[in-house]
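Visitor: Got a structure for you, questions after.
Protein chains in written order, with our numbering: chain P, 854 to 1261; chain Y, 854 to 1261.
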């Protein structure tokens, strides 16, 4: 069944005899008690980092002084105060000069990405995704019935030669490529960072082929060493102002995912279009006011510095454990930020086949095949080090090393 | 330009010379200082009713005891605790027996309605809307490129004879009507309530023509007298279980719109489908946890009783002022709940033409034409009494009465 439309299947099901019993409570999903499972599957922020005390202060302040706006319907563009706080942060961090009309607050960056998908993609349109990529976003593009062109990565990010080849082929076939979806920093899942020269090359190619760039910079601030490279949006805006980059970001990694707050910055005509189609029920004025109060109190900067140290220790622990416990035929990325390490196993191993064995050993991961729109990545694994404790990282990698060694 | 797709206009604009200056700050919209304007335009909840003190307590509790879940990513179906609290409320209020699989928490009821639109409607599908209706929802259906069949209301709600006629005609033309969008209680904008016999007739017609009912019950609890009639969902579920009703509700009117929390209850196959397509960034675990804590503390029931008294006083004040200040050729609905009164002016008057004159007098309203998908309602006005003070209601109606009297 086509995932992108609801056809008569649902209606047939609803009018079938079996559906008449829909209000019979379903059985609870049988709990699989595996208390000792160490999971590297999901890139969840570590709950130990949530600044709940500071947020309590921010919430009290908001409900005391700004209840009439924070508890009321808000603007389709999002909270003015949060937009102002975000513009201030982006100016401080990156020197960006943004007008409020170039910003929209969204329900996390996934809200932003699905909004872009709905607005820019018509059925049958083409777009480029990195291979591997973040399938949460790619599934939004699929729901919009887009055709996905995958372009491979290497250790410097998306391969410009392969991208040029793909764009030229699409152009020759008369196919309109609506945008290039890229994650330049500590990419999810590969962990690689797009090099500075390639950022320029990518912008040039996008301009040449008149396609937009959708820059997903969710992990930007989770950086372990050195300064971040300028974003594609930043190069585009500070350079000769072509205005062809849509950049998304999120408070999920740097404050709290449960607030569901992200943003999109883009040329004003694009923001206007995104706002006109924003019908997701709106982004919470309440959460936005609390995040704004938190930032205005000067809490975010120091918190991000703590997060960088916190996740760096986890990355270091995982890299150390990998070197110690893994067979030499397995290789991995060494990310300078973000939540993920990407493993490459020998070609003949299939990470999906190994997963049940890993479960038996008490360790869990995301098979790399889940990160490709096409049928690739069978010998890849994505490991998230963000949530487990340092001890669990060491122990989990030891377990996984045993599984891999035994399978060779 | 077709509002439902983004065609080459946007891309052309982005590559035009003028777009190169997109990062020039736009001029501020010129503020029209009219401090004494009394607005009956929007059905906003009265900020004076927001229980900010109790929400402060709920927020502190959540951040002290449940931060690890409230600040983390959540389930696509929404917070289990909020779902449990909602099921409990619907059992207490209406005797509904709901399984958690029949409930999804959404970003307000507008999030629920647009989700239903995206999942159930394919381009060219047909659906029925009341005339007049809530255009916020109707615009979501339009974005999904649905064809809208309008069926008129009378003082007992949607006209069953006209509905049957419309369904028969659609059926004869081979047009699949995906659902009937109705608001049975104190309808927005007309204020009318669907009578009990008609609720049964509507369900029978939907079953006969194998179409679903999308029941928007946003104002259900804002009731001024007597008991609420059973919902279409309730009659359907408690009767012979046909399972063809999707009902949406919201905490926006009974707690705080700024939390962006609503819900949809429906047969489990529909909820499963809605969840599979939920890509709006998710409904806030943080706001959900706070709302759940508020309800668990037993605050919601007494708060709703206060709201009923509060808005009843406003409705009464508006009805009183209408009787006192309006010319006899204008008639209006007398809603038993909700936020709106619907005016019918003499045929020759156009509410859009009168609006600038009303502005001059310092009063504002929604022209009825904004509540029809077709070109109707020129002599109608929607008045919202929810937000202005009692004094402003009296004064605003007096001003509007002057405008109407002078225009006759």
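From the three backbone atoms N, C-alpha and C, an ideal C-beta is built for every residue, glycine too.
Just so it is clear, the structure is predicted and the values come from calculations on it, not from any experiment.
Tell me which residues share the same chain as residue 874(Y) and place their Cβ nearer than 8 angstroms to its Cβ, disregarding the 5 neighbours each side in the sequence.
Guide: Low confidence applies to residue 874(Y): its pLDDT is 40, below 50, so where it sits in the model is not reliable, and the reading given next is rough at best. Result list for residue 874(Y): empty, nothing under 8 angstroms.
Visitor: Taking only beta-carbon atoms, is residue 1034(Y) less than 9 angstroms away from chain P?
Guide: Residue 1034(Y) does not count as touching chain P.
Visitor: Going by C-alpha to C-alpha distance, which of 1129(P), 990(P) and 1144(P) sits closest to residue 930(P)?
Guide: Residue 1129(P) is the option with its Cα nearest to residue 930(P).
Visitor: Quick one: residues in its chain with C-beta nearer than 6 angstroms to the C-beta of residue 892(Y), no 5 flanking neighbours on either side, listed in chain order?
Guide: Excluding residues within five positions, the ones whose Cβ falls inside 6 angstroms are 1217.
Visitor: Return the chain-ordered ranges of every alpha helix (DSSP H) run that is complete within the segment 965 to 1010 of chain P and spans a minimum of 4 residues.
Guide: The qualifying runs are 988 to 996.
Visitor: In chain order, what residues of the segment 1149 to 1162 of chain Y put their CB closer than 9 angstroms to some CB of chain C?
Guide: Absent from the structure is chain C; the protein chains it does hold are P and Y.
Visitor: Pair every Cβ in the segment 1061 to 1072 of chain P with every Cβ in the segment 1038 to 1046 of chain P, then say whether three or more of these pairs are closer than 8 angstroms.
Guide: Touching, per the Cβ criterion.
Visitor: Given a limit of 7 angstroms on CB to CB distance, which residues of the segment 906 to 934 of chain Y reach chain P?
Guide: Here the close residues are 908, 909, 912, 913, 916, 920, 921, 923, 924, 925, 926 and 927.
Visitor: State the Cα-Cα distance for the pair residue 1186(Y) and residue 1239(Y), rounded to the nearest angstrom.
Guide: C-alpha separation (whole angstroms): 15 angstroms.
Visitor: Between 1169(P), 1050(P), 1091(P) and 1096(P), which lies nearest to residue 1064(P) when the distance is taken from Cα to Cα?
Guide: Ranking the options by Cα distance to residue 1064(P), first place goes to 1096(P).
Visitor: So, with DSSP's three-state summary, where would you put residue 1169(Y)?
Guide: It is helical.
Visitor: Identify, in the order they occur along the chain, each residue of the same chain with its Cβ nearer than 7 angstroms to the Cβ of residue 896(P), setting aside the five sequence neighbours on each side.
Guide: Counting only Cβ-Cβ distances below 7 angstroms, and skipping sequence neighbours, we find 1041, 1192, 1193, 1237 and 1239.
Visitor: Using 9 angstroms as the threshold, is the C-beta distance between residue 980(P) and residue 1034(P) below it?
Guide: The answer is yes: Cβ separation under 9 angstroms.
Visitor: Is it true that the CB of residue 1098(Y) sits closer than 9 angstroms to the CB of residue 1068(Y)?
Guide: Going by C-beta atoms, residue 1068(Y) is nearer than 9 angstroms to residue 1098(Y).
Visitor: Is residue 883(P) helix, strand or coil by DSSP?
Guide: Residue placement at residue 883(P) cannot be trusted, given a pLDDT of 48 that sits under 50; the coordinates are not used to answer.
Visitor: Listing by chain order, which chain P residues have their CB less than 7 angstroms from the CB of residue 982(Y)?
Guide: By Cβ distance, chain P contributes nothing, its closest Cβ being about 16 angstroms from residue 982(Y), past 7 angstroms.
Visitor: Return the residues of the segment 956 to 983 of chain Y that lie within a Cβ-Cβ distance of less than 9 angstroms from chain P, sorted by chain order.
Guide: Here the close residues are 959, 960, 961, 962, 963, 964, 965, 966, 967, 968, 970, 971, 972, 973, 974, 975 and 976.
Visitor: Using a Cβ-Cβ cutoff of less than 8 angstroms, which residues in the same chain neighbour residue 1051(P) once the five nearest sequence positions on both sides are dropped?
Guide: Once the five neighbours on either side are set aside, the close Cβ partners of residue 1051(P) are 1009, 1010, 1011 and 1013.
Visitor: Applying a beta-carbon distance threshold of less than 9 angstroms, which residues of chain P neighbour residue 1028(Y)?
Guide: The premise fails here: residue 1028(Y) is roughly 14 angstroms from chain P at the closest Cβ pair, so nothing lies under 9 angstroms.
Visitor: So residue 934(Y) and residue 1142(Y) are supposed to be a Cβ contact under 8 angstroms. How far apart are they, rounded?
Guide: About 7 angstroms; that satisfies the 8 angstroms criterion.
Visitor: Indicate whether residue 1211(Y) and residue 1232(Y) have their beta-carbon atoms separated by less than 9 angstroms.
Guide: Their beta carbons are not under 9 angstroms apart, which means residue 1211(Y) does not touch residue 1232(Y) by this criterion.
Visitor: Have a look at the DSSP bridge pairing and note the partners of residue 1033(Y).
Guide: According to DSSP, which records beta bridges pairwise, residue 1033(Y) is partnered with 981(Y) and 1066(Y).
Visitor: Should residue 1188(P) and residue 1032(P) be called a contact, given that it needs their Cβ atoms to be closer than 9 angstroms?
Guide: No; because the gap between Cβ atoms is not below 9 angstroms, this pair is not in contact.
Visitor: DSSP has residue 1193(Y) in a bridge; who is on the other side?
Guide: Per DSSP, 1237(Y).
Visitor: With a threshold of 9 angstroms between beta-carbons, can residue 883(P) be considered close to chain Y, or not?
Guide: Its pLDDT being 48, under 50, residue 883(P) is placed unreliably in this model, and the coordinates cannot settle the point.
Visitor: In chain P, which residues lie less than 8 angstroms from residue 1112(Y) when you measure between Cβ atoms?
Guide: By Cβ distance, chain P contributes 924, 1137 and 1139.
Visitor: Using a C-beta to C-beta distance shorter than 8 angstroms, which residues of chain P count as neighbours of residue 993(Y)?
Guide: Correct list: 1132.
Visitor: Can you tell me which of the three DSSP states residue 1220(P) falls into?
Guide: Residue 1220(P): strand per DSSP, three-state reduction.
Visitor: So which residues of chain Y does residue 996(P) contact, with C-beta pairs closer than 7 angstroms?
Guide: Correct list: 1130 and 1132.
Visitor: Establish whether the CB of residue 1224(P) and some CB of chain Y are separated by less than 9 angstroms.
Guide: Answer no: the Cβ-Cβ gap between residue 1224(P) and chain Y never drops below 9 angstroms.
Visitor: Which residue's Cα is closest to the Cα of residue 1135(P): 960(Y), 1138(Y), 1066(Y) and 1158(Y)?
Guide: Taking only the C-alpha atoms, the option nearest residue 1135(P) is 960(Y).
Visitor: Pick helix, strand or coil for residue 922(P), following the three-state DSSP scheme.
Guide: Here residue 922(P) sits in helix by DSSP.
Visitor: Whole angstroms are fine: how far does the CA of residue 974(Y) sit from the CA of residue 1220(Y)?
Guide: Going from the Cα of residue 1220(Y) to the Cα of residue 974(Y) covers about 29 angstroms.
Visitor: Do you know whose CA, among 1213(Y), 1246(Y), 1250(Y) and 1157(Y), lies nearest residue 942(Y)'s CA?
Guide: It is 1157(Y) whose Cα lies nearest to the Cα of residue 942(Y).
Visitor: Taking the Cβ atom as the reference point for each residue, do residue 936(P) and residue 958(P) lie within a distance shorter than 9 angstroms?
Guide: Yes, Cβ-Cβ distance for residue 936(P) and residue 958(P) is below 9 angstroms.
Visitor: I'd like to check one pair, residue 938(P) with residue 796(P): are the Cβ atoms closer than 9 angstroms?
Guide: Not covered by the structure: residue 796(P). The range shown for chain P is 854 to 1261.
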